[in-house]
Amino acid sequence: MASPSKLCLNTSFSISFPSTSSVKDPFKLKNFSLPLTSMASEPIPSKVVCTLFDRSPKRISVSTTDPNFTGYVNDVEKGVVKNGFFTSNDDCIDVYTNNVPVTFGSSGRLLDRRFVIGVLKFCSNERCLELGRRYHALIIKSGVNVDQFVGTSLVDMYAKCGDMGSAIRLVIQMPCLDVATCNCLISGYVKNRLFDEAFSFFMKFDGMGIRPNHYTYTIMLAVCSSLSAIDEGKQLHAQIVKMQYLSETAVGNALVTMYSKCGMMEDAESLFNSLVKRNVVSWSAIINGFKHHRDFEKALRLVCLMREDGIDPNEYTFSIALSSCASMKNLDIGRMFHAQVLKKGMALGDFVGTTIVDMYSGLGEAGDAEKQLKEMGKSASSASWNAHIAGFVHNEKAEEAIEAFVDMVKTDKACDEFTYSIILKACSSLPSLATCEQIHSRMIKSKFESNMHVGSSLIEAYNKCGSVEDAERVFSQKSSADVVSWNSMIKAYSQNGQPTKALALFQKMVEEGIRPTNSTFLAALSACSHSGLVQEGQKLFESMVRDYNILPEETHYSCMVDLLGRAGQLENALDFIKNLPIKPTAPIWRPLLAACRCHNNLQMAEFIAKQILELDPNDATVYVTLSNMYIEVGQCTDAEKKRKLMTVKDVAKEPGCSWIEMNNKIYRFFSHDKSCPEMPIVYQKLKQVMKQIESKGYTLNAKEDNVALYHSEKLAVCFGLISLTAGKRIRVFKNLRVCPDCHSFMNYLSTIVDKEIVLRDNYRFHHFKQGCCSCGDFW
DNA sequence: CTAGGGTTAG
Numbered sequence: 001m002a003s004p005s006k007l008c009l010n011t012s013f014s015i016s017f018p019s020t021s022s023v024k025d026p027f028k029l030k031n032f033s034l035p036l037t038s039m040a041s042e043p044i045p046s047k048v049v050c051t052l053f054d055r056s057p058k059r060i061s062v063s064t065t066d067p068n069f070t071g072y073v074n075d076v077e078k079g080v081v082k083n084g085f086f087t088s089n090d091d092c093i094d095v096y097t098n099n100v101p102v103t104f105g106s107s108g109r110l111l112d113r114r115f116v117i118g119v120l121k122f123c124s125n126e127r128c129l130e131l132g133r134r135y136h137a138l139i140i141k142s143g144v145n146v147d148q149f150v151g152t153s154l155v156d157m158y159a160k161c162g163d164m165g166s167a168i169r170l171v172i173q174m175p176c177l178d179v180a181t182c183n184c185l186i187s188g189y190v191k192n193r194l195f196d197e198a199f200s201f202f203m204k205f206d207g208m209g210i211r212p213n214h215y216t217y218t219i220m221l222a223v224c225s226s227l228s229a230i231d232e233g234k235q236l237h238a239q240i241v242k243m244q245y246l247s248e249t250a251v252g253n254a255l256v257t258m259y260s261k262c263g264m265m266e267d268a269e270s271l272f273n274s275l276v277k278r279n280v281v282s283w284s285a286i287i288n289g290f291k292h293h294r295d296f297e298k299a300l301r302l303v304c305l306m307r308e309d310g311i312d313p314n315e316y317t318f319s320i321a322l323s324s325c326a327s328m329k330n331l332d333i334g335r336m337f338h339a340q341v342l343k344k345g346m347a348l349g350d351f352v353g354t355t356i357v358d359m360y361s362g363l364g365e366a367g368d369a370e371k372q373l374k375e376m377g378k379s380a381s382s383a384s385w386n387a388h389i390a391g392f393v394h395n396e397k398a399e400e401a402i403e404a405f406v407d408m409v410k411t412d413k414a415c416d417e418f419t420y421s422i423i424l425k426a427c428s429s430l431p432s433l434a435t436c437e438q439i440h441s442r443m444i445k446s447k448f449e450s451n452m453h454v455g456s457s458l459i460e461a462y463n464k465c466g467s468v469e470d471a472e473r474v475f476s477q478k479s480s481a482d483v484v485s486w487n488s489m490i491k492a493y494s495q496n497g498q499p500t501k502a503l504a505l506f507q508k509m510v511e512e513g514i515r516p517t518n519s520t521f522l523a524a525l526s527a528c529s530h531s532g533l534v535q536e537g538q539k540l541f542e543s544m545v546r547d548y549n550i551l552p553e554e555t556h557y558s559c560m561v562d563l564l565g566r567a568g569q570l571e572n573a574l575d576f577i578k579n580l581p582i583k584p585t586a587p588i589w590r591p592l593l594a595a596c597r598c599h600n601n602l603q604m605a606e607f608i609a610k611q612i613l614e615l616d617p618n619d620a621t622v623y624v625t626l627s628n629m630y631i632e633v634g635q636c637t638d639a640e641k642k643r644k645l646m647t648v649k650d651v652a653k654e655p656g657c658s659w660i661e662m663n664n665k666i667y668r669f670f671s672h673d674k675s676c677p678e679m680p681i682v683y684q685k686l687k688q689v690m691k692q693i694e695s696k697g698y699t700l701n702a703k704e705d706n707v708a709l710y711h712s713e714k715l716a717v718c719f720g721l722i723s724l725t726a727g728k729r730i731r732v733f734k735n736l737r738v739c740p741d742c743h744s745f746m747n748y749l750s751t752i753v754d755k756e757i758v759l760r761d762n763y764r765f766h767h768f769k770q771g772c773c774s775c776g777d778f779w
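Counting from 1, one number per residue, gives the positions in the first sequence under the UniProt record's numbering.
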């Protein structure tokens with residue numbers, strides 16, 4: 001056998017490292033006199049090796065603490081860093097990996113295969129592609145690459161570092177393939193989300209004479225889990241049984257995960273119960289399955305059971321348990337788990353620590369969240385900060401969210417796509433165009449502007465801040481294949497009173513061959529309903545089902561009812577509901593009641609009201625609407641009856657809602673913070689203002705039963721009230737809180753309010769979480 | 001000695 005080392009050394013030498021003799025090399029080793037041998041049979045002449053290192057462009061220093069630092073070492077002193085791979089002194093090179101020195105001199109070899117595998121593993125875990133490449137070169141030069149294990153490690157390194165091209169090239173060049181190498185390649189495909197490629201390579205195993213082993217099946221099952229490919233998963237399960245790999249715990253665990261990710265919890269559970277050996281991973285997998293299916297109590301019960309089974313929960317298990325507590329909003333049990341992880345010394349790790357921050361901030365315990373974040377100190381990742389910020393946003397404390405974001409920036413913690421996404425949501429809910437612009441400029445400086453989610457959040461934020469032009473500008477810079485951004489832009493037009501543009505964009509999207517999703521259709525349908533394009537809407541709805549095979553959801557049905565109802569086709573809307581393939585829900589009925597109110601059909605309104613109350617007996621809107629309709633047609637006794645049905649208590653059941661009576665009619669108020677002590681004062685003031693308005697000869701909009709109210713701690717008592725009499729503008733107070741999609745409100749804005757007022761920062765357009773009571777829209 | 005299974009934030 002020809003000596004590969006010699007060959008490689010000679011050829012690569014001249015190709016890779018052109019003569020640099022004229023360049024002064026600070027690392028020039030004068031007395032390299034170690035007894036060098038290579039892995040190959042023939043020893044490498046020491047002179048050659050000496051020259052090799054002599055001519056290497058630069059030496060590499062890698063920090064084991066900072067995975068992103070792979071730099072050339074430009075001076076001897078820096079080369080002797082503790083965590084660096086190379087240190088240099090006058091006549092010897094030491095190589096360090098994980099702080100264990102491997103001296104060429106002592107091993108007597110240029111590159112030891114065990115050492116090389118260790119380095120490559122390090123490169124895989126730390127994603128150091130550049131260092132991996134350099135080692136690849138050294139490996140070729142020294143001839144270690146003929147070793148199967150080294151080859152496999154190289155494939156794995158390239159695959160894990162995201163360079164699938166090199167991984168594939170290596171596999172093709174390998175003289176003989178074994179199952180481990182193939183597993184590395186498949187695993188690489190999976191890690192890089194190339195699931196189809198993973199599957200087709202797996203299918204080629206047989207033709208290549210490779211018998212899949214239990215590792216292969218765990219990888220392939222992970223593919224099925226990611227794709228929710230239950231049919232393929234079941235076939236793999238059958239093969240696993242046949243090949244008797246089920247006794248492998250990892251295979252069993254992967255199966256449990258596959259079934260639970262495919263929504264088959266019963267199968268997952270019975271499989272879990274039948275496992276011969278259950279380890280902490282098995283328990284974590286099944287517990288996580290129940291968590292994902294929102295059976296949090298069962299998840300937590302299983303944590304107790306695993307302890308009884310003698311298996312201690314680890315960081316993974318605790319993360320799942322803590323996040324279950326957050327989801328089930330059980331602070332007491334959450335604190336209990338927090339105490340346990342504290343005792344075990346796991347509370348400050350990235351995952352567990354972040355989950356604790358997330359739990360507290362999600363449950364509105366911002367103080368505890370902040371304390372945890374502080375205690376985590378340097379180990380707090382951007383995820384930890386994101387959780388802290390997201391807590392504020394979810395609890396409708398946008399200003400605090402922005403303050404926390406500023407803190408995060410101050411601590412030099414890198415913002416990621418999640419950070420931008422969540423902070424843009426905060427801008428949307430303020431809404432503050434100025435803040436939005438500031439965040440945008442930060443994003444341009446970072447690389448996240450091109451991220452799909454961040455980009456669509458930006459479009460959404462500009463939309464909510466009332467600047468469709470900015471949204472358009474962002475949209476025009478996006479890659480055209482980005483469905484989410486198309487959806488956001490269509491929604492932006494639809495919500496900002498430009499339904500025609502929304503529909504034109506939808507058309508363009510279809511023409512460009514981008515497949516609309518169910519949210520695309522929702523935005524387009526809503527545009528139709530706001531512009532009175534009944535036929536167009538109906539065609540869209542049919543096409544959604546027929547051409548795109550999208551199953552309509554409650555929101556689509558609700559939107560269709562709205563489409564027909566707004567256009568005054570009350571009977572058609574009723575027929576539509578009666579012919580639905582599902583049992584109509586309250587959100588589907590509600591827009592029809594609003595339509596009855598608009599088109600003065602009391603008889604149908606009474607019928608619809610009955611349907612809604614059967615489904616949702618606490619819906620105060622129904623009483624308000626009916627009562628006001630009775631008043632308008634002069635049936636005061638009926639109005640009285642309804643009024644009696646609607647006690648203050650009923651209304652109080654609705655979060656954030658209160659009501660007052662005026663001229664026999666009822667107006668409902670939505671407040672930002674019901675527990676706020678100033679609220680009664682706000683109501684009193686509001687009553688006074690309304691009386692003032694009426695005394696000046698204005699009346700409140702006959703069709704507007706809902707008045708929105710907002711309270712902000714910072715601005716002391718301030719409130720908003722919108723009201724108009726056919727075309728006559730009265731006043732708009734600060735901090736208006738109203739569903740932006742409400743028909744009358746949007747018409748009002750587009751016809752009366754000048755743009756500059758709409759864009760001012762202290763206006764708040766709020767989306768009702770459960771749909772606008774007036775128009776029934778859901779966003 | 002190489003490959004595999006379970007965790008957080010929109």
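We put the beta carbon where it would ideally sit given N, CA and C, even for glycine.
Taking 7 Å as the cut-off, decide whether the C-beta atoms of GLY353 and GLY391 are in contact. no
Residues in the same chain with beta-carbon distance under 6 Å from GLN611, minus the five sequence neighbours each way, listed in chain order, please. TRP589
Name the two residues that bound the continuous alpha helix (DSSP H) containing SER381. Counting along the chain, SER381 falls outside any alpha helix (DSSP H), and DSSP gives it neither H nor E.
HIS599: which of PRO584, LEU564, GLY162 and GLY466 sits nearest, CA to CA? LEU564
Other residues of its chain near ILE219: CB distance less than 7 Å, five sequence neighbours each side excluded: ASN183, ILE186, SER187 and VAL190
Compute the beta-carbon to beta-carbon distance between VAL179 and THR216, rounded to the nearest angstrom, for a pair I have assumed lies under 8 Å. 7 Å
Please state whether DSSP places HIS293 in a helix, a strand or coil. coil
May I have the straight-line CA-CA distance separating ARG278 from MET306, to the nearest angstrom? 9 Å
Comparing alpha-carbon positions, which option in ALA523, THR517, GLY513 and VAL484 lies nearest LEU503? ALA523
Helix, strand or coil at ARG169 according to DSSP, with G and I counted as helix: helix
Can you confirm whether the region 393-405 touches the region 421-439 when touching is taken to mean that 3 or more C-beta pairs between the two stretches lie within less than 8 Å? yes
Tell me whether the region 116-131 and the region 152-166 touch, counting them as touching only if at least three CB pairs, one residue from each stretch, are closer than 8 Å. yes
Can the beta-carbon of SER494 be found less than 7 Å from the beta-carbon of ALA527? yes
Local conformation of VAL633 per DSSP, three classes: coil
Looking at C-alpha atoms only, which residue of ASP562, ASN579, ARG442 and LEU533 is the closest neighbour of ALA595? ASP562
Output yes or no for whether 7 Å exceeds the beta carbon distance between HIS394 and LEU373. no
Nearest residue (CA-CA) to LYS204, options ILE287, VAL484, LEU177 and LYS478: LEU177
Excluding five sequence neighbours on each side, which residues of the same chain lie with their C-beta closer than 6 Å to the C-beta of SER488? SER456, ILE459 and GLU460
Please give the ranges of any alpha helix (DSSP H) in the region 566-627, keeping only runs that are unbroken, at least 4 residues long and fully inside the region. 570-578, 586-598 and 602-615
Could you please give the first and the last residue of the uninterrupted alpha helix (DSSP H) stretch that includes LYS410? 398-410
Beta-carbon separation (whole angstroms), VAL484 vs MET452, contact threshold 8 Å: 5 Å
Does the distance from the C-beta atom of LEU300 to that of MET359 stay below 7 Å? no
Taking the alpha-carbon positions, what's the GLU375 to PRO617 distance? 47 Å
When you compare each of GLY209, GLU197, GLY207 and SER260 to ILE230 by their alpha carbons, which one comes out closest? SER260
Buried/exposed call for MET336, threshold 16 Cβ in 10 Å: exposed
Are the beta-carbon atoms of ILE311 and LYS291 separated by less than 7 Å? no
Rounding to the nearest angstrom, what Cα-Cα distance links SER327 and TRP283 in this structure? 19 Å
Can you tell me the Cα-Cα spacing of GLY367 and GLU511, whole angstroms? 51 Å
So what does DSSP say about ARG301, is it helix, strand or coil? helix
Looking at residue 801: is its Cβ nearer than 7 Å to the Cβ of PRO587? In the structure as shown, the chain starts at 1 and stops at 779, and residue 801 therefore has no counterpart that could be examined.
By Cβ distance below 6 Å, which residues in the same chain neighbour ALA426 in space, the five residues on each side in sequence not counted? VAL393, ALA398, ALA401 and ILE402
Between the CA atoms of TYR548 and THR517 - distance to the nearest angstrom: 8 Å
So what's PRO552 in DSSP terms, helix, strand or just coil? coil
If you draw a straight line from the alpha carbon of GLU449 to that of VAL223, how long is it in whole angstroms? 30 Å
Count the other CB atoms, across all protein chains shown, that sit within 10 Å of the CB of LYS329; report buried if there are 16 or more and exposed otherwise. exposed
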